[in-house]
Each structure stands twice: as C-alpha cells, then as structure tokens.
Amino acid sequence: MSEPIMKEKAISPADLSEEDTALITAFQVGDKAAFDKLVLKHKDNLFNTVYRFLGDYQEANDCAQETFIKVFKSLKKFRFESAFSTWLYRIAMNTCKNRLKSSAYRWRKRTVPLENPEGSKGINPHTEIQDDSQSPVNELEKKDRLELIQKAINSLPEGQNRVVVLHDIQGLSYEEIADITGQKLGTIKSRLARGRLALRNKLEGRI
Amino acid sequence: MECARIKDLLSEYIDGALGAQARATVEKHIAACKGCKEKLASMSALVEKLGSLEPVKAPADFLEEIHERLKPRFSFDRIIRKLFTPFRIKIPLKLAAAATMAILVFYVFSIQQADKTLLKAPVISAPKDIAAKHSAGLGGPVLKEESKRDVHIPEETEPKGLKSEDLMTARKSMTKTVKPTLRMKPEQLPTDLEKPSSVAFDRAGEPIELAVLLKPGVTSRAHTPYLEAESASQPEIDAGVGQKESPDTASFKEKAPAKKGYPAPRHSEDTLSNIEHITGLAEGRVLSLKHNRQSKRLEFIDVEIPAKHYRSFCQDLASIAELRSTPPALSDKERKTIQVRIKLIFPE
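Heads up: the sequence lines are chains A and B, in that order. Throughout the first sequence, residue numbering follows our numbering, covering 959 to 1165 in sequence. Throughout the second sequence, residue numbering follows our numbering, covering 216 to 563 in sequence.
As structure tokens, this is what we get:
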C-alpha cells in the first residue's frame, strides 16, 4: 500500500510574511529599494508559475513583468489583509487570464515565428534544464518529456490548469489556492482531482 | 460503483487530505482492486513528476527591464529633461531661444506700431466742400473758419525763439505724418495717387496737407514787398478764397497765373518761387500764405490745382523739397480741383 505523498512546499507565504511586511512598509514610507528586494525575492517563483500557466517563455517574461509593475503601482495601497504572496499570485492569475483572452496572444499562438519555426512555446534556450547524465540521448528524451508535460498542462481547462500548477508545481495548499482564486475548497479539490486524472490519461505510458 | 467513488478520493488520498475513515476506506478498496491500485500508482507518479519539475527562472535582467518599463514615457518631465539637461550644454540653447523670442516680439511690435501710424495719417483741417465751392465761385466764410482754426496753432506756441518754434512745428508735422524719417524721392511716390492706395487717403473736400522740409540755405522769408506788407498788417492769415481779394492774392495772380508755361523763377533756391513755379506748371494757383508772427517766417502755402495734376505736382514738390510724408491718395475721383496746404519745415 502506497503512502500518501506529503509534498514539501516550495514557498510558505506565512514564513515569508514578516520579511514581506517589513519590505512593504519600507516601500510605503518611500524606500524604493524595498520594491527591488521584493522583486528579487519573488521573481523566480512567480515566473515559474506564470510560465507553467502560459507555456511560453517570452509571454511569461512579459506577463511577470507586468505583474510586478501592477504591484509597484498598487503597493502603497496594500493593507495587509492577506499575505503578500497571495496578493502577488492573484494579480499574476488575473494578468495571465487577460493575456490568454487577448486577441494578440491568440494571434501569436496561431502564427509560427520565422526564427523559431517549431513554435514559440517551450523553454528558453538560456534556461534549459541541465541534465546530469550528460548523455545527448537522455538529454533529448528529458527535454521531450518536459515538453510533453507542459503541453498536457496547457491543454487542461483554465480552472484545472490553474489549480494543478499552484498545487502540484508551486506546492500551495488548498486554502492558499482558495484565497488566490476566490473559490471554495471543494471546488479546488474537485478541479485538482479532475485535472490530475486528465493529465494521467494524457501522459500515461509516455513519461 | 465502488471504484468510481474511490477514484474521486484518490487525489485527496495522495495529498493526505482525507479523514481517517475515508482514508481507511480507500486503502481497503485499493488492497482488493488492482485497477484502482494502478490508477493510484500512476497518479502518484504524475504528482511526483509535476512536483519535481525544474523551476524555470526569470531572466537575469528581469529587474532592470521592470525598471525600464516603470520609467515615465513621453511625459512632460522627460521632454523638459531632454531639452534642458545637462545644463552645461543646454543653457546656451536656452539663451539662444530667449534671444530669438525677444527679437521676434520686438519685430512684430514694431510692425504693429508702423501700421497704427499709417492708419492715423494724414490730418487735414478744412471744411468738406471748400474746393467745390471755390470752383463754383462761391467760397465765403468757409475758408475764413478754417483760417481761424489754422491761426490757433501758432498762437498756442510759446515764442521761445526761432529754434524752438521750428522744432515744435516739426514735431507737429511728425505726429501727422506716416513715417517721420521717411525721405521721399520723386521716383518713390505712389505710381497712381488718384487710385486708392494702402498708404493714406485725403478727406473728401478738405485741403490736402503736405509737410516739406526745406533744404539748408533756402529761406522762406517774404522777399517781395507785398508779402512783407501783408505780414505786418495781417499776421495770422493772409487771404481766403472767396473773400474780397486782398492785394496779396491779386499780386499772386498777377505773378503766378494758373497757366502752364509760367516762367521759372530767377532764384531757384527760393522755395516760394519754386512752389509758385510748380503750381503754375500744374495749372494751379497760390491761394494764400501764412506767416509766423514772431519769426516772420512763412509757414503755410495754400494752393489750388486741378486734381488731374496732383501727382505731377507732388513729384515736382518732392524735387524741390523733402516731403515728410507720403502724399495721400485722392478719395474723390470726381473732384476737378483740389486744395493743397504746404507746410514748411525749416532745417535746424
């Protein structure tokens, strides 16, 4: 009998809240450098989340920057009613949602850039994951697997995609996801279950 | 039936989110059902795979790009900064811009002033229908009234000697002329003074006043006995058209008949003689003279000439003296004769 997987959270907003609170307070009294520290602290987690949502490195870069710009413009009004990370992810979710709905994004999805005929999706060459095996075959297989997983994630309905990414990739709890998305716990659980099943069906025997 | 219910619980079972009873139910079912056990294994592997995906990191210049995007674009401050900083280079540009603006403002202001002066000139003082009445031989008290008004000017002038009096006369002339410093040459006269021009028009029926600056060495003192006698006996005004002809006028008529071919004066520097001469050439006649009571100098010469010879008269006048203003154009084309008052200004 297999034991339930007790996932280790990548980020615990509660753990970071004190530092975030200090930085936000400093920014609100005029310390612009505090914003830079907030960006440096959260940028990689946010970027990975946005990338998993969109599946495109350039789009993810643009969307993540736009998210922090919105944060910069609204941070003085932040009232600490929720964790900063929750607020940050909420802004990122809405930004990604708007991006996915935008006609420009849809147009880019239909077109194939000349410099990258295989499509703009996929991991940026500069950020490719290192393979410890050093074997070109293994490296290629791993790259294919990662691309396959990413495509499967992006093929999920938006609600399931969001919950799978936030829970299984970013390691957020049901409650945190509920805070971010504004949905009930039951909805989060059922969407996660359906998303996982859908992914299992798509990827069974291929990874 | 049992498998479908267990399948919905597998996701929460993997996360350890089930209660003790639900968890026990799932474990009991999995132990007995091979299919659900495989599903659980594959789903657990998937979740593990998703959790172990290498995180994709933001580019190295992520923060710099945010800073760049946060910079105000096309804002007023940015434009000002571009134009005027660094100060070491841009201050001369500022000064150059300010100097250019000052020159432009001065230029526009001077043009406007010149336009205003043109609109004000010239001022003629005479009743409207004087020329018509004179040509009809009616004349009478009209010119008398005008003469009284003319007399008023020198009477107000304080007798401070010849210099100051002449200066005041010159100033008065300057205020009534278009451009005091403009020196008109015969070739610069309007080509057709009988047509409306943008310079000035005479007032219909009133004498046209022309101020002329005498050339040095030319005197306007009365050279003939009749002028001296007239000046002594009647200092303010010499004669009026239509009045009982004075000896002066009669003498003029004798000396300067209004016919072309009038003999040229023997002394060309004599302004009065010259004006008499050009009046004769224009088939006109001298009506009256006016002297200053103190200086005994001749101040005004009133002449009457045919309207058709007005242009040539002005050209002739410009050849013997310096016109201080552009002769006004004739507004009434139907007029046969016009009266011209020549104001003499003496050089200092």
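C-beta: ideal position from N, C-alpha, C; glycine also.
(message) So if DSSP puts residue 503/B in a beta bridge, which residue, or which two residues, is it bridged to?
(response) Locating residue 503/B in the second sequence gives position 288, where the first residue counts as 1. Per DSSP, 517/B.
(request) Check whether the region 1024 to 1036 of chain A touches the region 1138 to 1156 of chain A, taking contact to mean three or more Cβ pairs, one atom from each stretch, closer than 8 Å. (result) no
(message) Between which residues of its own chain and residue 985/A is the CB-CB distance below 7 Å, once the five residues before and five after are set aside?
(response) Stepping through the first sequence from its first residue, residue 985/A is reached at position 27. Cβ within range, chain order: 992, 993, 1033.
(request) Could you tell me whether any non-hydrogen atom of the ligand NAP is closer than 7 Å to the CB of residue 259/B? (result) Ligands are entirely absent from the displayed structure, and the ligand NAP is therefore not among its contents.
(message) Closer than 8 Å is the cut-off here; do at least three beta carbon pairs connect the region 516 to 530 of chain B with the region 497 to 504 of chain B?
(response) yes
(request) With a 10 Å radius around its C-beta and 16 neighbouring C-beta atoms as the bar for buried, classify residue 1135/A as buried or exposed. (result) What you label residue 1135/A is simply residue 177 of the first sequence in a count that begins at 1. Label assigned to residue 1135/A: buried.
(message) Measuring alpha carbon to alpha carbon, tell me which residue in 976/A, 1095/A, 1164/A, 1049/A is nearest residue 1008/A.
(response) For the purposes of this step, residue 1008/A is identified with residue 50 of the first sequence, where counting begins at 1. Residue 1008/A has its Cα closest to that of 1049/A, out of 976/A, 1095/A, 1164/A, 1049/A.
(request) To the nearest angstrom, report how far apart residue 955/A and residue 1106/A are at their CA atoms. (result) Within the shown structure, residues of chain A are numbered from 959 to 1165, placing residue 955/A beyond reach of any answer.
(request) Compare the C-beta of residue 281/B against all C-beta atoms of chain A and say whether one is closer than 8 Å. (result) Locating residue 281/B in the second sequence gives position 66, counting from the first residue. Interface residue, yes.
(request) Could you list which residues in chain A have their beta carbon closer than 8 Å to that of residue 311/B, in chain order? (result) Walking along the second sequence from the start, residue 311/B turns up at place 96. Ordered by position in chain A, no residue passes the 8 Å Cβ test against residue 311/B, which lies about 37 Å from the chain.
(message) Can you give me the C-alpha to C-alpha distance between residue 555/B and residue 535/B, rounded to a whole angstrom?
(response) The sequence position of residue 555/B within the second sequence is 340, counting from 1. The sequence position of residue 535/B within the second sequence is 320, counting from 1. Roughly 16 Å between the two C-alpha positions.
(message) Quick check: the Cα distance between residue 428/B and residue 512/B, rounded to an integer number of angstroms?
(response) Stepping through the second sequence from its first residue, residue 428/B is reached at position 213. Stepping through the second sequence from its first residue, residue 512/B is reached at position 297. The straight-line gap from Cα to Cα measures roughly 14 Å.
(request) Could you list which residues in chain A have their beta carbon closer than 7 Å to that of residue 285/B, in chain order? (result) For the purposes of this step, residue 285/B is taken as the residue at position 70 of the second sequence. Correct list: 1027, 1030.
(message) How far does the alpha helix (DSSP H) with residue 429/B in it extend, from its first residue to its last?
(response) Position 214 of the second sequence, counting from 1, holds the residue named residue 429/B. Premise fails: residue 429/B is in no alpha helix (DSSP H) and is neither H nor E.
(message) With a threshold of 8 Å between beta-carbons, can residue 330/B be considered close to chain A, or not?
(response) Within the second sequence, residue 330/B is the residue found at index 115, counting from 1. No, no contact with chain A.
(request) Alpha carbon to alpha carbon, how far is residue 1108/A from residue 1011/A? Give it in angstroms, no decimals. (result) Stepping through the first sequence from its first residue, residue 1011/A is reached at position 53. Stepping through the first sequence from its first residue, residue 1108/A is reached at position 150. Using only the alpha carbons, I get a separation of about 9 Å.
(request) At 8 Å on the CB atoms, spell out the chain B contacts of residue 1162/A, in chain order. (result) Here residue 1162/A corresponds to residue number 204 of the first sequence, with the count starting at 1. Those within 8 Å of residue 1162/A in chain B are 257.
(request) For residue 555/B, write down the residues that DSSP places opposite it in a beta bridge. (result) Mapped onto the second sequence, residue 555/B falls at position 340. Answer is 423/B, 518/B.
(message) Quick check: is the beta carbon of residue 217/B nearer than 8 Å to any beta carbon in chain A?
(response) In the second sequence, the residue the question calls residue 217/B occupies position 2. So, not an interface residue.
(message) Given a cut-off of 8 Å on the beta-carbon distance, is the pair residue 257/B and residue 1162/A in contact?
(response) What you label residue 257/B is simply residue 42 of the second sequence in a count that begins at 1. What you label residue 1162/A is simply residue 204 of the first sequence in a count that begins at 1. Yes, they are a contact pair.
(message) If you follow the alpha helix (DSSP H) that residue 1002/A is in, where does it begin and where does it stop?
(response) Reading the first sequence from its first residue, position 44 is the one you call residue 1002/A. Residues 990 to 1012.
(request) Quick one: measure Cβ to Cβ for residue 1138/A and residue 1044/A, integer angstroms, because I've assumed they're closer than 8 Å. (result) Mapped onto the first sequence, residue 1138/A falls at position 180. Mapped onto the first sequence, residue 1044/A falls at position 86. Contact flag correct, Cβ pair sits at about 6 Å.
(request) Can you tell me which of 1144/A, 1053/A, 1113/A puts its alpha carbon nearest to the alpha carbon of residue 1156/A? (result) One-based indexing of the first sequence puts residue 1156/A at position 198. Nearest option by C-alpha distance: 1113/A.
(request) Assign residue 227/B to one of three DSSP states: helix, strand, or coil. (result) Taking the second sequence and counting its residues from 1, one reaches residue 227/B at position 12. Residue state, collapsed to three classes: helix.
(message) Taking the straight line between their C-alpha atoms, what separation do you get for residue 1125/A and residue 285/B?
(response) Here residue 1125/A corresponds to residue number 167 of the first sequence, with the count starting at 1. Here residue 285/B corresponds to residue number 70 of the second sequence, with the count starting at 1. Computed Cα separation, rounded: 32 Å.
(message) What does the Cβ neighbour count give for residue 553/B, buried or exposed, with the cut at 16 atoms within 10 Å?
(response) Working through the second sequence from its first residue, we reach residue 553/B at position 338. Per the 10 Å Cβ criterion, buried.
(message) By the three-class DSSP mapping on this structure, what secondary structure does residue 537/B have?
(response) Locating residue 537/B in the second sequence gives position 322, where the first residue counts as 1. Strand at residue 537/B.
(message) Measuring only the C-alpha atoms, how far is residue 185/B from residue 259/B?
(response) Limits of chain B in this structure are 216 at one end and 563 at the other, which puts residue 185/B out of reach.
(message) Here's the rule I'm using: 16 or more other beta-carbon atoms within 10 Å means buried, otherwise exposed. How should residue 542/B be labelled?
(response) Translated into positions along the second sequence, residue 542/B becomes position 327. Burial call: buried.
(request) Step through the CB atoms of chain A and report whether any lies within less than 8 Å of the CB of residue 249/B. (result) As a working mapping, residue 249/B is identified with position 34 in the second sequence. Not closer than 8 Å to any Cβ of chain A, the Cβ of residue 249/B fails to qualify, so no.
(message) So that I know if they touch, is there some Cβ in chain A lying closer than 8 Å to that of residue 239/B?
(response) Against the second sequence, residue 239/B aligns to sequence position 24. Taking Cβ atoms only, chain A never reaches closer than 8 Å to residue 239/B, which makes this a no.
(message) Would you say residue 235/B lies against chain A (beta-carbon separation less than 8 Å)?
(response) Reading the second sequence from its first residue, position 20 is the one you call residue 235/B. Taking Cβ atoms only, chain A never reaches closer than 8 Å to residue 235/B, which makes this a no.
(request) Mind listing the chain B neighbours of residue 1107/A? Cutoff is C-beta to C-beta under 8 Å, in chain order. (result) In the first sequence, the residue the question calls residue 1107/A occupies position 149. Ordered by position in chain B, the residues that pass the 8 Å Cβ test against residue 1107/A are 264, 265, 268.
(message) With a threshold of 8 Å between beta carbons, is residue 1058/A in contact with chain B?
(response) The count along the first sequence starts at 1 and reaches residue 1058/A at position 100. No, because no Cβ of chain B sits closer than 8 Å to the Cβ of residue 1058/A.
(request) Indicate whether at least one CB of chain B lies closer than 8 Å to the CB of residue 984/A. (result) Taking the first sequence and counting its residues from 1, the one referred to as residue 984/A is at position 26. Chain B contact via Cβ: absent.
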